[in-house]
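Just so you know, the sequences run in chain order Z, W, E and X. Under UniProt numbering, the letters of the first sequence match residues 1 to 258, in that order. Under UniProt numbering, the letters of the second sequence match residues 1 to 258, in that order. Under UniProt numbering, the letters of the third sequence match residues 1 to 258, in that order. Under UniProt numbering, the letters of the fourth sequence match residues 1 to 258, in that order. Beneath this line is the structure, given in structure tokens, with notes to follow.
Number of protein chains: 4
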Amino acid sequence: MCSPTTENNNNNNDHLVQSSDPNHPANLIPALCAKFWTLGWVTGTGGGASIRSDDLVYLAPSGVQKELMKPDDIYVLSLAAQAQSLDKRQRVYLRSPANYKPSQCTPLFLAAFTKRNAGCCIHTHSHWAVLVTLILETQGAGKDREFMINNIEQIKGFGKGFGKSGNLGYHDTLKIPVIENTAHEEDLTEFLEEAMDKYPDTYAVLVRRHGVYVWGENVHKAKTMCESLDYLFQLAVEMKQLGLPWVTDIEPTVPTRK
Amino acid sequence: MCSPTTENNNNNNDHLVQSSDPNHPANLIPALCAKFWTLGWVTGTGGGASIRSDDLVYLAPSGVQKELMKPDDIYVLSLAAQAQSLDKRQRVYLRSPANYKPSQCTPLFLAAFTKRNAGCCIHTHSHWAVLVTLILETQGAGKDREFMINNIEQIKGFGKGFGKSGNLGYHDTLKIPVIENTAHEEDLTEFLEEAMDKYPDTYAVLVRRHGVYVWGENVHKAKTMCESLDYLFQLAVEMKQLGLPWVTDIEPTVPTRK
Amino acid sequence: MCSPTTENNNNNNDHLVQSSDPNHPANLIPALCAKFWTLGWVTGTGGGASIRSDDLVYLAPSGVQKELMKPDDIYVLSLAAQAQSLDKRQRVYLRSPANYKPSQCTPLFLAAFTKRNAGCCIHTHSHWAVLVTLILETQGAGKDREFMINNIEQIKGFGKGFGKSGNLGYHDTLKIPVIENTAHEEDLTEFLEEAMDKYPDTYAVLVRRHGVYVWGENVHKAKTMCESLDYLFQLAVEMKQLGLPWVTDIEPTVPTRK
Amino acid sequence: MCSPTTENNNNNNDHLVQSSDPNHPANLIPALCAKFWTLGWVTGTGGGASIRSDDLVYLAPSGVQKELMKPDDIYVLSLAAQAQSLDKRQRVYLRSPANYKPSQCTPLFLAAFTKRNAGCCIHTHSHWAVLVTLILETQGAGKDREFMINNIEQIKGFGKGFGKSGNLGYHDTLKIPVIENTAHEEDLTEFLEEAMDKYPDTYAVLVRRHGVYVWGENVHKAKTMCESLDYLFQLAVEMKQLGLPWVTDIEPTVPTRK
């Protein structure tokens, strides 16, 4: 067989992951994942991160120890080539590392890149994210599909939404949709895309009993929103333990300036 | 236009942030912020730190990843030049980094420098600070404006107050005022200044659902008081979870020596 | 006497622990233990790790500070020579470090190597493991001998069992047997072996009020399963504090694909 | 005046703190304190550590940031010279750093060295130690003066007592006396010494609402016992939150071997 995939795998385009620039995606993904490991976000090979640079998408492989990843471990995929693929489940890798399998998170990362034009997508298994979805579960169907919190300063760390300028305000209510987990991570894709359609301004989707996907225009925005969200999830769990509500009705004490 | 600001921005005084001394403010702010990031104080670009050296004030920009800051990212401002500005909200920067915006915390840091002659001011979004203000909120208006704790050894980490020598004693009650958060961080300034007037001896002000501002005569004192305060906030939350009161009436068992 | 043991101890085979390869077991055990110390798994000389490479078993000594261990501190033992020993409690070391005693965990590590053909075995004193056994203890005899959790994504981090390919699924229930602690760690061995016989697919055994033993085909698998398990133990304790059950009956929302 | 103190201060014996050996006390105290800072044991200049080498005692100064200490900051004192001093509160320093004051912990460290022949003494302000003393306080006078825990493996990390060989067993009950805090740290000395007399086998004394002092024959033993104790304090607080008792009556399941 002589498909582009096979050809590319043969000469394998190793130059795509070789750079002395610490901000090159192939260097940045391992550095980010090592940092995320210390935060408990990518424990035991769970979770991960992907970066898009124009048409190219850089992806960590399946099942690696995230704090030990190397640039040589990174997959590279072309969005344009992928779009031309007849089978949506078939990936067209420009570069594949030896001895690895692609991550099951790949179609979820691609959804953020193609539907939201994101430059980076992070997936964590953070305890706080999982606990928030478990706490919501006890509130009965209907109320359990949305995490809401307001009147916390850290909410300002979020943009107003895709294609909108500016960030949320202190009195705004941050809403993060929750989707149910599926037996196979790839099967989450359609539910993630549905949530993106229903919540066009969200930069994150919680996955019940699993974790969270967070994306942003670039690495900086995806990472800082992921940190802010994890902060809010942790705070929400601690508030629950102290019997404090996540949403309150506080009147602005000072008129909001434009 | 030919104002000093524009002139200064043109030649930009980069020498003000270039030093091989690790204790130079332009080197120290990034080092401190990297350390604070590991403590969870400046998650997701929240929080920050500012240092004053005689007339010059060194400030981190808005929206940066605090653990990745570099000396080149630092703003420098002259207190004397600022005092002559007709518009209090207009900042007169001697040096501005490219591609950044000044931090909204700037007027709050300046309040500590001008009203308290502080040499350093730290602003954290620590969970423990936020949780303490949330717990106080449940105690009803009137009781919710002051964090109080006594009979804990770590209280000795605080000075007696601005212009006074010596530290608090074990049996003294540490009181930290709480101000309400505002939609825009700059609008906090007048409330912070009010709290400084009402509590002339305090080295810190809590901001409801937001975090804490802590200052001191120099970096050493601001940092160690901020650590001691965060320790006490964490202890207070843990005491609350265990049903233990923050203020107790313990008689000294040994006569206090002078 | 002129036994192989004595001979080997005399010339002591130091070459067995000298390698410039960071993945050599004598280098890897100290690096792993330093990492585990930061996770709170091997506090105060407790816990440890052992690696098997073909016939050779590499072991940390008793009572060392795990974050300060050096390759020179490592014991080496031959499984073949050990199998020929008449006294099962007598160890036949090819290489012994000066000034140390062998670890009491040795026979437990050997059980994982000989009965499960493991390539690595990790023993932690993690708080979360101990707390899980304490919580189970309150559920009465009969129910206290097995930790069970299901419908959490991280469960997928576990293999289906010794000699089976593939990992557990999201809806599978992870079961970890609990054995009672004994006054002497060596006396745990027979109970650990019994649990291995009763739970042929398990990769871990909890020890009541003590910690956990986790093994795997190689270092990668043992370490990532140990991380996943610690994540689940922590989650289980947090779920208990929030009144959430560890085992739930959730129907798959999407047909499971083969 | 021409006392030995003054003389020694003049030539100041800087050689006593200058060594290229990382295990020299003047190098080891800063390294240990930096590690303890990351554990939350010496937050905000609280806590510290002292090492004795034969007649010489090495001490950190008062009020320093413990993670930034340098060998040049260390005080050195002679036990023999100290013993000849007429005023017990007067310290006879062989070497004093410039611009510092001696630590108020000094007489407490000296008590461990002179009354227990310790080689190292560590003082932490760990949250867990403070919380344990607060929890005990709620149990009423009489029951509040002793922390007790048993049937936890980590108890084996403690020696049987001063001058005795071997460690505690799994079924032994670890008992740590609690003394009341005093307004001045130096005033704790007599109560610490009383507790040492009443509990001749203990290697630690808790100080109510303050922290813990832990000592050992050498640095290794003091540090690992301090780690084990902090582990047990943390576990005890977590057990309290889960409603689990610290002391239980478990019969050995296997006959204890000699």
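Note that beta-carbon positions come from the ideal geometry of N, C-alpha and C, so glycine has one too.
- For Leu-94(X) and Tyr-75(X), the gap between their C-alpha atoms comes out near 8 Å.
- As a beta-bridge residue in DSSP terms, His-123(X) pairs with Gly-48(X) and Tyr-213(X).
- Against Ala-236(E), chain X offers no close residue; the least beta-carbon distance is about 11 Å (beta-carbon pairs closer than 7 Å).
- Of the other Cβ atoms in all chains shown, 16 or more fall within 10 Å of the Cβ of Val-132(X); this residue is therefore buried.
- Put simply, the CB of Gln-90(X) is far from chain W, with every gap to its CB atoms at 9 Å or more.
- Following the DSSP letters along the chain, one finds Arg-95(W) inside the beta strand (DSSP E) bounded by residues 93-95.
- Of the residues Asn-181(Z), Asn-150(Z) and Asn-167(Z), the one whose Cα lies closest to the Cα of Thr-173(Z) is Asn-150(Z).
- CA-to-CA, the gap between Gly-63(W) and Tyr-100(W) works out to about 8 Å.
- The alpha-carbon of Leu-68(Z) is positioned some 15 Å away from that of Phe-36(E).
- Glu-146(E) has its alpha-carbon roughly 19 Å from the corresponding atom of Tyr-170(E).
- Under the Cβ criterion of 9 Å, Cys-120(Z) is not counted among the residues facing chain W.
- Contact with chain W is found for Gly-157(Z), since one of that chain's Cβ atoms lies less than 9 Å from the residue's Cβ.
- Taking C-beta separations shorter than 7 Å and ignoring five residues to either side along the sequence, the partners of Lys-70(X) in its chain run Pro-30, following chain order.
- Distance from the CA of Phe-158(Z) to the CA of Arg-208(Z), rounded to the nearest whole angstrom, comes to 22 Å.
- Taking a C-beta distance under 9 Å as the contact criterion, Gln-154(W) and Leu-235(W) qualify as a contact pair.
- Taking 9 Å as the CB threshold, Lys-240(X) lines the interface with chain W.
- The beta carbon of Ile-135(W) sits no closer than 9 Å to any beta carbon of chain X.
- Here DSSP, grouped into helix, strand and coil, assigns Thr-202(Z) to coil.
- By the neighbour-count criterion, in which 16 or more other beta carbons inside 10 Å mark a residue as buried, Pro-200(E) falls on the exposed side.
- Taking a 10 Å sphere around the C-beta of Thr-43(X), we find 16 or more other C-beta atoms and assign the residue as buried.
- The three-state secondary structure of Ser-228(W), taken from DSSP, is helix.
- When DSSP reads this structure, Thr-173(X) sits in a beta bridge with Asn-150(X).
- By the CB criterion at 9 Å, His-125(E) and Gly-243(E) fall outside the cutoff.
- Neighbours of Gly-40(E) in chain Z, taken as residues at a C-beta separation under 7 Å, are lacking, since the least C-beta distance is about 12 Å.
- Contact between the segment 132-141 of chain Z and the segment 217-226 of chain Z is absent: fewer than 3 CB-CB pairs across the two stretches fall below 8 Å.
- Between Leu-108(Z) and His-123(Z), the beta carbon gap of about 7 Å places them in contact (Cβ cut-off 8 Å).
- The beta carbon of Ser-19(Z) lies closer than 7 Å to those of Ala-26 and Asn-27 in the same chain, with the five residues before and after it left out.
- For the segment 207-226 of chain E, the beta-carbon criterion of a distance under 7 Å to any beta-carbon of chain X is satisfied by Arg-209, His-210 and Gly-211.
- Under the Cβ distance rule, His-171(X) counts among the residues neighbouring chain E, one pair being separated by less than 9 Å.
- Listed as beta-bridge partners of Ile-135(X) by DSSP are no residues whatsoever.
- Taking Leu-79(X) as the centre and dropping the five residues before and after it, the same chain places the C-beta of Arg-52, Asp-55, Leu-56, Val-57, Leu-110, Phe-113 and Thr-114 closer than 8 Å to its C-beta, in chain order.
- With a threshold of 9 Å between beta carbons, Leu-131(X) makes no contact with chain E.
- For Leu-232(Z), the closest alpha carbon among the candidates Val-130(W), Ala-81(W), Asn-13(W) and Leu-16(W) is that of Val-130(W).
- Between Gly-119(X) and Val-219(X), the beta carbon gap of about 7 Å places them in contact (Cβ cut-off 8 Å).
- The beta-carbon distance between Cys-121(E) and Trp-215(E), rounded to whole angstroms, is 4 Å. This is short enough to meet the 8 Å contact definition.
- Runs of the alpha helix (DSSP H) spanning 4 or more residues and lying entirely within the segment 19-91 of chain Z occur at 25-38 and 79-84, in chain order.
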